[in-house]
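Take a look at the structure below.
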Amino acid sequence: MKKKFKKAAQNLGLINQTQQTVTNTLYPITECYNTIKHMFSPPEVEKLVIEPEAWFKLMYFIHLIGDYEISGFGRIQETDEEGTYSLIDVDIIKQTVRGAYVESDEDAVLDFIRRVPVDQRKEWTLDWHSHVNMGTTPSGTDWTNYSDMLKARSGIQFPAMIVNKRDEYTAYQIISEAKHTEIDIYKRAIMGETVPEERLVEIYNECKQKVQTLCTKYAAATGTWYKPQSTTWSNNNQKGWTYYDETDDGYYPRHYWEDEEDDEVVEAKKQGFVFDDDDTDYACDYCGAALTTTEEISNRCCKTCWADFTNNRWSK
Amino acid sequence: MDYSRINSNLNAPEARETREAKVSVVSLGGVQDYTVRAGMTVSEFKSVYGLNGTKIVNENGDTLTSDAIISRDMQVFVSTPKKNG
Numbered sequence: 000m001k002k003k004f005k006k007a008a009q010n011l012g013l014i015n016q017t018q019q020t021v022t023n024t025l026y027p028i029t030e031c032y033n034t035i036k037h038m039f040s041p042p043e044v045e046k047l048v049i050e051p052e053a054w055f056k057l058m059y060f061i062h063l064i065g066d067y068e069i070s071g072f073g074r075i076q077e078t079d080e081e082g083t084y085s086l087i088d089v090d091i092i093k094q095t096v097r098g099a100y101v102e103s104d105e106d107a108v109l110d111f112i113r114r115v116p117v118d119q120r121k122e123w124t125l126d127w128h129s130h131v132n133m134g135t136t137p138s139g140t141d142w143t144n145y146s147d148m149l150k151a152r153s154g155i156q157f158p159a160m161i162v163n164k165r166d167e168y169t170a171y172q173i174i175s176e177a178k179h180t181e182i183d184i185y186k187r188a189i190m191g192e193t194v195p196e197e198r199l200v201e202i203y204n205e206c207k208q209k210v211q212t213l214c215t216k217y218a219a220a221t222g223t224w225y226k227p228q229s230t231t232w233s234n235n236n237q238k239g240w241t242y243y244d245e246t247d248d249g250y251y252p253r254h255y256w257e258d259e260e261d262d263e264v265v266e267a268k269k270q271g272f273v274f275d276d277d278d279t280d281y282a283c284d285y286c287g288a289a290l291t292t293t294e295e296i297s298n299r300c301c302k303t304c305w306a307d308f309t310n311n312r313w314s315k
Numbered sequence: 000m001d002y003s004r005i006n007s008n009l010n011a012p013e014a015r016e017t018r019e020a021k022v023s024v025v026s027l028g029g030v031q032d033y034t035v036r037a038g039m040t041v042s043e044f045k046s047v048y049g050l051n052g053t054k055i056v057n058e059n060g061d062t063l064t065s066d067a068i069i070s071r072d073m074q075v076f077v078s079t080p081k082k083n084g
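As you go down the protein sequences, you meet chains A and B in turn. The opening position of the first sequence corresponds to residue 0 in numbering that gives the first Met the number 0, with each subsequent residue numbered one higher. The opening position of the second sequence corresponds to residue 0 in numbering that gives the first Met the number 0, with each subsequent residue numbered one higher.
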């Protein structure tokens, strides 16, 4: 259980700490073989051509989910032209969608990896998601996740794409944590080739069924009463029910924070010490500044860093 | 006891090969093959190959804990959460 107040009191030295034994390791290194092996590779994907069926699928996913973000993976194949790949298929995985955030847990990603046919494993590398009606510049959350994805792929570079309902695109080839190159997007659908009506209906129904079964809309916890140990929610303010606050680690009863106040903390408060909420979940991923607005918390990025990303001040 | 026979058996190529294990890692980046020493823990494997923070499961779908030991050739699947905003 979280011991926020106790931790703060310890930092102030109000609690006597026993002397700890420090063990020095002989090898204070960070393994980096895979990281270095791939980080100076030339970009594999320089141009991405979206094939008609893939484009319709993408647009159906983005619009079927309404005003929520949606994410998934795409299948790309190399063409005869070096550096040029075709996006021939897209798919989504089990996810929780919000207006400015979409999340799939590791089990959902694992299910996707396991169901991809063996001969297609090297092709389903595109990481895509939508930004509803916002611009398609990657957010702080996106860059953090690209970094995590790179590690999970053993440092192998991959293409990442962001698209919105206005049919705008931004795509990067993520080569390392500090290096990425821009990918030029072309849509073959607008170059004259179309998909037969019957096939369009099939694609639409397929996308609709996937969105309905795989996407869960996130409901804000504020103002909602949860019955302990129950998966059902109710707004019934019955006696004996506890108001829960949602955190990334789970649900914590609100009264917990009010009751758990050590004597040392009480003493510290009397002396004028102020205990700030040091929940790192609400700190900017890049500069560590506290996030105060809903938009900042959703983006996990403060306004200043967001403006920097938007204006491309961060070097590639 | 014939120690020379025991020593030669221990150092035989067949014996050396059994002290290694081939781990085939399947991830979003495709398949990567690694040859590791048998007896390496999953925690060590993750650390050496930069897979800290990821979830590793075996062919049966069982999650490999940090103290699990790699003692034979195996295929594992690696994943991490996907969070975009």
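The C-beta atom is built at its ideal place from N, Cα and C for all residues, glycine as well.
Give the residues of chain A in contact with residue i, contact being defined as C-beta atoms less than 9 Å apart.
{"i": "Phe-76 of chain B", "result": "Leu-109, Ile-112, Arg-113"}
{"i": "Val-35 of chain B", "result": "None at all; the shortest Cβ gap to chain A is about 12 Å."}
{"i": "Gly-38 of chain B", "result": "Correct list: empty, because the minimum Cβ distance to chain A is about 18 Å."}
Round the Cβ separation of residue i and residue j to the nearest angstrom and send it over; I've been treating them as touching at under 8 Å.
{"i": "Tyr-317 of chain A", "j": "Leu-47 of chain A", "result": "The structure shown does not extend to residue 317 of chain A, since chain A is modelled only from 0 through 315, so no value can be given for it."}
{"i": "Tyr-59 of chain A", "j": "Tyr-168 of chain A", "result": "No, Tyr-59 of chain A and Tyr-168 of chain A are not in contact; Cβ-Cβ is about 16 Å, not under 8 Å."}
{"i": "Val-41 of chain B", "j": "Met-73 of chain B", "result": "In fact, because the Cβ distance is near 11 Å, the residues do not count as touching under 8 Å."}
{"i": "Trp-54 of chain A", "j": "Lys-186 of chain A", "result": "6 Å"}
{"i": "Val-25 of chain B", "j": "Ile-92 of chain A", "result": "The Cβ separation is near 16 Å, so there is no contact."}
Taking the alpha-carbon of residue i as reference, which of the options has the nearest alpha-carbon?
{"i": "Glu-105 of chain A", "options": "B:Gly-49, B:Val-56, B:Ser-23", "result": "B:Val-56"}
{"i": "Arg-152 of chain A", "options": "B:Ser-23, B:Ala-20, B:Leu-27, B:Asp-61", "result": "B:Leu-27"}
{"i": "Ile-173 of chain A", "options": "A:Glu-43, A:Lys-36, A:Glu-68, A:Glu-30", "result": "A:Glu-43"}
{"i": "Ile-69 of chain B", "options": "B:Asn-51, B:Val-25, B:Ala-37", "result": "B:Ala-37"}
{"i": "Gln-119 of chain A", "options": "A:Thr-78, A:Ile-35, A:Asp-88", "result": "A:Asp-88"}
{"i": "Tyr-48 of chain B", "options": "A:Glu-294, A:Gly-154, A:Glu-196", "result": "A:Gly-154"}
{"i": "Asn-298 of chain A", "options": "A:Ile-75, A:Trp-142, A:Trp-123", "result": "A:Trp-142"}
{"i": "Lys-135 of chain A", "options": "A:Leu-149, A:His-62, A:Leu-109, A:Val-162", "result": "One point to set straight first is that residue 135 of chain A is Thr, not Lys, in the sequence displayed. The residue with the shortest Cα to Cα distance from Thr-135 of chain A is A:Val-162."}
{"i": "Leu-57 of chain A", "options": "A:Asp-66, A:Cys-31, A:Ser-129", "result": "A:Ser-129"}
{"i": "Thr-140 of chain A", "options": "A:Asn-132, A:Phe-157, A:Tyr-285", "result": "A:Tyr-285"}
{"i": "Leu-50 of chain B", "options": "A:Cys-283, A:Pro-41, A:Val-200, A:Met-148", "result": "A:Met-148"}
For residue i, list the residues DSSP reports as bridge partners.
{"i": "Val-30 of chain B", "result": "B:Val-25"}
{"i": "Leu-47 of chain A", "result": "A:Tyr-84, A:Ile-184"}
{"i": "His-179 of chain A", "result": "A:Ile-173"}
{"i": "Trp-127 of chain A", "result": "A:Gly-71, A:Met-160"}
{"i": "Met-73 of chain B", "result": "B:Val-22"}
{"i": "Cys-214 of chain A", "result": "A:Gln-94"}
{"i": "Glu-102 of chain A", "result": "A:Thr-95, B:Lys-82"}
{"i": "Ile-68 of chain B", "result": "B:Thr-40"}
{"i": "Tyr-168 of chain A", "result": "A:Val-162"}
{"i": "Thr-62 of chain B", "result": "B:Val-56"}
{"i": "Val-35 of chain B", "result": "B:Ala-20"}
{"i": "Ala-151 of chain A", "result": "In the DSSP output, where bridge partners are listed per residue, Ala-151 of chain A has none listed."}
{"i": "Gln-76 of chain A", "result": "A:Ser-85"}
Should residue i go down as buried or exposed, given a rule of 16 or more other Cβ atoms within 10 Å for buried?
{"i": "Asp-183 of chain A", "result": "exposed"}
{"i": "Ala-306 of chain A", "result": "exposed"}
{"i": "Thr-53 of chain B", "result": "buried"}
{"i": "Thr-79 of chain B", "result": "buried"}
{"i": "Gln-94 of chain A", "result": "buried"}
{"i": "Val-210 of chain A", "result": "buried"}
{"i": "Val-30 of chain B", "result": "exposed"}
{"i": "Gly-84 of chain B", "result": "buried"}
{"i": "Ala-177 of chain A", "result": "exposed"}
{"i": "Asp-126 of chain A", "result": "buried"}
{"i": "Lys-316 of chain A", "result": "This structure leaves residue 316 of chain A out entirely; chain A is present only between 0 and 315."}
{"i": "Ser-70 of chain A", "result": "buried"}
{"i": "Thr-64 of chain B", "result": "exposed"}
{"i": "Tyr-171 of chain A", "result": "buried"}
{"i": "Cys-304 of chain A", "result": "buried"}
{"i": "Gly-60 of chain B", "result": "exposed"}
{"i": "Arg-114 of chain A", "result": "exposed"}
{"i": "Asp-90 of chain A", "result": "buried"}
{"i": "Asn-33 of chain A", "result": "buried"}
{"i": "Asn-144 of chain A", "result": "buried"}
{"i": "Thr-29 of chain A", "result": "exposed"}
{"i": "Pro-51 of chain A", "result": "buried"}
{"i": "Lys-150 of chain A", "result": "buried"}
{"i": "Thr-124 of chain A", "result": "buried"}
{"i": "Gln-156 of chain A", "result": "buried"}
{"i": "Cys-214 of chain A", "result": "buried"}
Starting from the beta carbon of residue i, find every residue of chain B whose beta carbon is closer than 9 Å, and list them in chain order.
{"i": "Cys-31 of chain A", "result": "Gly-49"}
{"i": "Tyr-217 of chain A", "result": "Going along chain B, no residue has its Cβ under 9 Å from Tyr-217 of chain A, so there is no contact; the nearest lies around 12 Å."}
{"i": "Lys-121 of chain A", "result": "Gly-28, Gly-29, Val-30"}
{"i": "Val-101 of chain A", "result": "Lys-81, Lys-82, Asn-83, Gly-84"}
Residues of chain B with CB under 7 Å from residue i, in chain order?
{"i": "Asn-144 of chain A", "result": "Lys-81, Lys-82, Asn-83"}
{"i": "Gly-154 of chain A", "result": "Gly-49"}
{"i": "Ser-40 of chain A", "result": "Ordered by position in chain B, no residue passes the 7 Å Cβ test against Ser-40 of chain A, which lies about 12 Å from the chain."}
What residues of chain A sit near residue i, judged by a beta carbon separation below 7 Å?
{"i": "Val-41 of chain B", "result": "None at all; the shortest Cβ gap to chain A is about 14 Å."}
{"i": "Val-22 of chain B", "result": "Chain A residues near Val-22 of chain B: none, gap ~12 Å exceeds 7 Å."}
{"i": "Ser-46 of chain B", "result": "Glu-30"}
Quick one: list the residues of chain B neighbouring residue i, beta-carbon separation under 8 Å, in chain order.
{"i": "Met-148 of chain A", "result": "Leu-27, Thr-79, Lys-81"}
{"i": "Glu-68 of chain A", "result": "Asn-83, Gly-84"}
How about residue i: is its Cβ closer than 8 Å to a heavy atom in the ligand MN?
{"i": "Arg-36 of chain B", "result": "The ligand MN is absent from the structure shown, which contains no ligand whatsoever."}
Starting from the beta carbon of residue i, find every residue of chain A whose beta carbon is closer than 8 Å, and list them in chain order.
{"i": "Ser-65 of chain B", "result": "None at all; the shortest Cβ gap to chain A is about 15 Å."}
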